[in-house]
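Take a look at the structure set out below.
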Amino acid sequence: MEAVTGPAPGLRILGVSEAARAIATTVRADEQLRDLWVEGEVGRVTISSAGHAYFALKDERAQLQCVWFRDERVRSPFQPQTGIRVVAHGRVDVYEAQGALQLYVDSIQPSGVGDLAIRFEQLKAKLAAEGLFAGERKRPLPPRPKVVAVVSSPTGAAWKDVCQVFARRWPLTRVVLVACQVQGDGAPESIVRAMRRIERYVALLTEAGRAAEAPVVTILARGGGSMEDLWSFNDERVVRAVVAHSIPVVSGVGHEVDVTLTDFAADVRAATPTAAAELVVPDRAEFASALARGAERMRVAGARAVVGASRELDAERRVLERVHPAARLAASRQRAGDLLDRATRALRVRLQGAAVAEEQLATALPNLASRLLGSRAAALAEAGAALVVLGPQATLERGYGIVRRSSDDSIVRDPAQVSGGSRLRIRVAHGEFPATADEPPR
Amino acid sequence: MTDPTDQAGANAADAPIADLSFDDALAALQKTVAELEAGGQRLERSIALYERGVALHERCAKLLAEAELKVQQLVTRAGGALEAIDVTPDNARDAE
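Protein chains in written order, with the working numbering: chain A, 1446 to 1887; chain B, 175 to 270.
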């Protein structure tokens, strides 16, 4: 639309939409506005019928309209209330239909905690850049650890939960508590000292030739709490101690939703203390089932051995019967008779021996079968005829897979280990197949 | 220092089954099953292996069923020596 009258030559009159679009384009081009933290006081909050929250963030001189959509809002344990100070994270954009410049919020925390969230992100970025969270340095856990160290508060529920899991699932393990504070100003140092004590204990036992008595896994256990309560596990000293620990570390800190930097640094992250203990040892009921399947396999092999032996005897008997008439025609009847006698005697001895053995096995098999079936009928009824107690087979059978990078055979635990076009090998219960990674979303 | 795996193997071969630890009994059981499955041995050997396998399986199952969790706490003695002492989950010391 060309302006012929009115404004000075060279200027254009924009439609409202064009103007709004121009503002939106400028706003969207600004990197800072795409990802920002804003601290302020919450004004009046309205919740629309669709569940979106609309409010203003204010300070002494300015205010900023905010919208927090339902999906993100309902997931947050914290809700904005008029008059409180908060730190909101999100992006600034223009809602063109109303010409409104708004902060599209994706998370909100009370002021103060917001500082922690920022410190968390900064420290995470710094430590990640050092490679402390790299998938390559994660160590595998031993399958059935004889001794497990637990760094926790002796009076906390987390420690008791861990003990309960071990007592129920795998009481063959010895659990060694290494007491520390898990919250408060002194907690990070206390946690680090506890980990050092474990390292010293492992080293002392190893030097004394008693390595078998030393812990082979350390669990860090602490129950749920606020971000401040769990802050010790975001402390740089603790994170570095986890990375440097001489045996693999499993973190079980907080509830499912809590994530700490210790979780990133640990060799294995568990959602809770209970889950940490469950990851460290197998379940004895499942293990007993697998053993019973192994015994069943043995029964099959034993039965096959008996059948095979009796077939051989049959074959020998037939050979002897064929030899018999030919021997009669031999020049020396006496010699042939001797030969036949000797062969018959030898065969009779073998047959008797085999019969005895067969009888032994015949009595042993039903005994074993009834013993096995009596106590573990359900386990034996399972189809699997493999002794899978050592390997990951049982897990694979449940539908899990193991993804390896073809280039170095390393197990993929983090999407960051894979780039677009990476060659992969995927192992599932009944075999393995190759795959190629797509370009991961950024 | 002796190699723990060698030791386990020797124990599994020599010690009476009733004295085997869980890991030794399990290792011996796995070896026995593998040998039986490979086949090719004399019948007497098969039966002996089989009977041994049954006894080993029973040993493992018994240890699994009867095990009781041992709970300890690592404490620092005067002079800095470390020692693991027996505790219960409820009476652990509230001290480093």
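Built from N, CA and C at the ideal position, the CB exists for glycine as well.
Values in this document were obtained by computation on a predicted structure and should not be read as measured data.
Next on the checklist: Taking 8 Å as the cut-off, does the stretch 1656-1675 of chain A touch the stretch 1558-1574 of chain A (at least 3 CB pairs, one atom from each stretch)?
Outcome noted: yes
Item to check | Boundaries (first-last residue) of the beta strand (DSSP E) holding Val1519(A) | outcome: Numbered from 1 along the first sequence, position 74 holds the residue referred to as residue 1519(A). It is not in any beta strand (DSSP E) - Val1519(A) instead sits in the alpha helix (DSSP H) that spans 1515-1520.
Checklist entry - So does the stretch 1606-1624 of chain A actually touch the stretch 243-251 of chain B, counting three or more Cβ pairs closer than 8 Å? => result yes
Checklist entry - List, in order along the chain, the chain A residues whose C-beta lies closer than 7 Å to that of Arg267(B)? => result In the second sequence, residue 267(B) corresponds to position 93, counting from 1. Under the 7 Å cutoff, chain A gives Pro1599, Ala1624.
Checklist entry - Should Ser1677(A) go down as buried or exposed, given a rule of 16 or more other Cβ atoms within 10 Å for buried? => result Here residue 1677(A) is taken as the residue at index 232 of the first sequence, counted from 1. That one is buried.
Item to check | Pairwise C-alpha distance: Ala1495(A) and Ala1722(A) | outcome: What you label residue 1722(A) is simply residue 277 of the first sequence in a count that begins at 1. What you label residue 1495(A) is simply residue 50 of the first sequence in a count that begins at 1. Looking at the two C-alpha atoms, the distance is approximately 42 Å.
Next on the checklist: Quick check: what's the CA-CA separation for Gly1669(A) versus Ser1462(A)?
Outcome noted: Along the first sequence, read from residue 1 onward, the residue named residue 1669(A) stands at position 224. Along the first sequence, read from residue 1 onward, the residue named residue 1462(A) stands at position 17. Cα to Cα, Gly1669(A) sits roughly 50 Å from Ser1462(A).
Item to check | Spatially closest choice to Arg1655(A) from Arg1682(A), Val1592(A), Arg1506(A), Val1745(A), by CA coordinates | outcome: On the first sequence, residue 1655(A) is found 210 positions in, with the first residue counted as 1. Per the Cα distances, Val1592(A).
Next on the checklist: Does any residue of chain A have a CB that is nearer than 8 Å to the CB of Ala235(B)?
Outcome noted: The residue given as residue 235(B) occupies position 61 in the second sequence. True, the Cβ-Cβ gap to chain A drops below 8 Å.
Next on the checklist: For Val1745(A) and Ala1735(A), what's the separation of their Cα atoms in angstroms?
Outcome noted: Residue numbering aside, residue 1745(A) sits at position 300 when the first sequence is read from its first letter. Residue numbering aside, residue 1735(A) sits at position 290 when the first sequence is read from its first letter. In a straight line, the C-alpha of Val1745(A) is about 16 Å away from that of Ala1735(A).
Checklist entry - Does the beta carbon of Ala192(B) come closer than 8 Å to any beta carbon on chain A? => result Along the second sequence, read from residue 1 onward, the residue named residue 192(B) stands at position 18. It does not: the Cβ of Ala192(B) has no partner Cβ on chain A nearer than 8 Å.
Next on the checklist: Using 8 Å as the threshold, is the C-beta distance between Tyr224(B) and Gly1699(A) below it?
Outcome noted: Looking up residue 224(B) in the second sequence gives position 50. Looking up residue 1699(A) in the first sequence gives position 254. Against a cut-off of 8 Å, the Cβ pair of Gly1699(A) and Tyr224(B) comes out as no contact.
Next on the checklist: Residues of chain B with CB closer than 8 Å to the CB of Arg1749(A), please, in chain order.
Outcome noted: Start at 1 with the first residue of the first sequence, and residue 1749(A) comes out as number 304. Below the 8 Å Cβ cutoff, chain B contributes Gly213 as neighbours of Arg1749(A), in chain order.
Checklist entry - Given that Met1743(A) touches chain B, what residues does it touch there, using C-beta distances under 9 Å? => result As a first step, residue 1743(A) must be located in the first sequence, where it is residue number 298. Under the 9 Å cutoff, chain B gives Leu203, Thr206, Val207, Leu210, Glu211, Leu223, Tyr224, Gly227, Val228, His231.
Checklist entry - So, using beta-carbon positions, are Leu1572(A) and Leu1706(A) closer together than 8 Å? => result In the first sequence, residue 1572(A) corresponds to position 127, counting from 1. In the first sequence, residue 1706(A) corresponds to position 261, counting from 1. Contact flag set, yes.
Checklist entry - Does Ala1828(A) get closer than 8 Å to chain B when you measure Cβ to Cβ? => result One-based indexing of the first sequence puts residue 1828(A) at position 383. Bear in mind that a pLDDT of 30 at Ala1828(A), under 50, signals an unreliable position, so the model cannot answer this.
Checklist entry - So which residues of chain A does Ala189(B) contact, with C-beta pairs closer than 9 Å? => result By one-based count along the second sequence, residue 189(B) stands at place 15. Under the 9 Å cutoff, chain A gives no residues; its nearest Cβ is about 16 Å from Ala189(B).
Next on the checklist: At a CB distance below 8 Å, what residues from the stretch 1625-1659 of chain A approach chain B? Give them in sequence order.
Outcome noted: Here the close residues are Cys1625, Ser1635, Arg1638, Ala1639, Arg1642, Ile1643, Arg1645, Tyr1646, Leu1649, Gly1654, Ala1656, Ala1657.
Checklist entry - Name the chain B residues whose beta carbon is nearer than 8 Å to that of Gly1739(A)? => result On the first sequence, residue 1739(A) is found 294 positions in, with the first residue counted as 1. Under the 8 Å cutoff, chain B gives Leu203, Gln204, Val207, His231.
Checklist entry - Looking at C-beta atoms only, is the number of pairs between the stretch 1592-1602 of chain A and the stretch 214-224 of chain B that lie closer than 8 Å three or more? => result no
Checklist entry - So, is the C-beta of Val1620(A) closer than 8 Å to a C-beta in chain B? => result For the purposes of this step, residue 1620(A) is identified with residue 175 of the first sequence, where counting begins at 1. True, the Cβ-Cβ gap to chain B drops below 8 Å.
Checklist entry - What are the boundary residues of the beta strand (DSSP E) that includes Val1873(A)? => result Position 428 of the first sequence, counting from 1, holds the residue named residue 1873(A). Counting along the chain, the beta strand (DSSP E) containing Val1873(A) begins and ends at 1868-1873.
Next on the checklist: Out of Ala266(B), Asn265(B), Arg226(B), Phe196(B), which one is the CA nearest neighbour of Glu209(B)?
Outcome noted: Indexing the second sequence from 1 puts residue 209(B) at position 35. Minimum Cα distance to Glu209(B) is reached at Arg226(B).
Checklist entry - For chain A, is any of its Cβ atoms less than 8 Å away from the one on Ala199(B)? => result On the second sequence, residue 199(B) is found 25 positions in, with the first residue counted as 1. Output row for Ala199(B): interface = no.
Checklist entry - In or out: Glu1877(A) buried (at least 16 other Cβ within 10 Å) or exposed? => result By one-based count along the first sequence, residue 1877(A) stands at place 432. With fewer than 16 Cβ atoms within 10 Å of its Cβ, Glu1877(A) is classed as exposed.
Checklist entry - Could you give the distance in angstroms between the alpha-carbon of Asp1630(A) and the alpha-carbon of Val1684(A)? => result Here the question's residue 1630(A) lines up with position 185 in the first sequence. Here the question's residue 1684(A) lines up with position 239 in the first sequence. Going from the Cα of Asp1630(A) to the Cα of Val1684(A) covers about 16 Å.
Checklist entry - If we ignore side chains and look at the alpha-carbon of each, how far apart do Leu1568(A) and Glu257(B) end up? => result The residue you call residue 1568(A) lines up with position 123 of the first sequence. The residue you call residue 257(B) lines up with position 83 of the second sequence. Computed Cα separation, rounded: 36 Å.
Checklist entry - Once you ignore the five residues that flank Asp1712(A) on each side, which residues in its own chain have a CB closer than 6 Å to its CB? => result Here residue 1712(A) is taken as the residue at index 267 of the first sequence, counted from 1. Hits under 6 Å: Lys1583, Arg1584, Pro1693, Val1694.
Next on the checklist: Can you list, in chain order, the residues of its chain with a C-beta nearer than 7 Å to that of Asn265(B)? Leave out the 5 residues immediately preceding and following it.
Outcome noted: In the second sequence, the residue the question calls residue 265(B) occupies position 91. Nothing listed; no residue qualifies.
Checklist entry - Any beta-carbon of chain B closer than 8 Å to the one on Phe1565(A)? => result Within the first sequence, the letter at position 120 stands for residue 1565(A). Cβ-Cβ to chain B under 8 Å: no for Phe1565(A).
Item to check | Per-residue contacts from Ala252(B) into chain A (C-beta, under 7 Å) | outcome: For the purposes of this step, residue 252(B) is identified with residue 78 of the second sequence, where counting begins at 1. Residues of chain A passing the Cβ test: none, with the nearest at roughly 15 Å.
Next on the checklist: Within a Cβ cutoff of 6 Å, which residues of the same chain sit near Gln1862(A), ignoring the five residues on either side of it in sequence?
Outcome noted: The count along the first sequence starts at 1 and reaches residue 1862(A) at position 417. Gly1580, listed in sequence order.
Item to check | Span separating the alpha-carbon of Arg1479(A) from that of Val1539(A) | outcome: In the first sequence, counting from the first residue as 1, residue 1479(A) sits at position 34. In the first sequence, counting from the first residue as 1, residue 1539(A) sits at position 94. When rounded, the separation of the alpha-carbon atoms in Arg1479(A) and Val1539(A) is 12 Å.
Checklist entry - Which residue or residues does DSSP assign as beta-bridge partners of Pro1700(A)? => result Numbered from 1 along the first sequence, position 255 holds the residue referred to as residue 1700(A). Pro is not the amino acid found at residue 1700(A); the sequence shown has His there. Answer by DSSP bridge pairing: none, since His1700(A) is not bridged.
Next on the checklist: What would DSSP say about Gln247(B), mapped onto helix, strand or coil?
Outcome noted: The residue given as residue 247(B) occupies position 73 in the second sequence. Gln247(B) falls in the strand class under three-state DSSP.
Checklist entry - Does the beta carbon of Phe1878(A) come closer than 8 Å to any beta carbon on chain B? => result Working through the first sequence from its first residue, we reach residue 1878(A) at position 433. Taking Cβ atoms only, chain B never reaches closer than 8 Å to Phe1878(A), which makes this a no.
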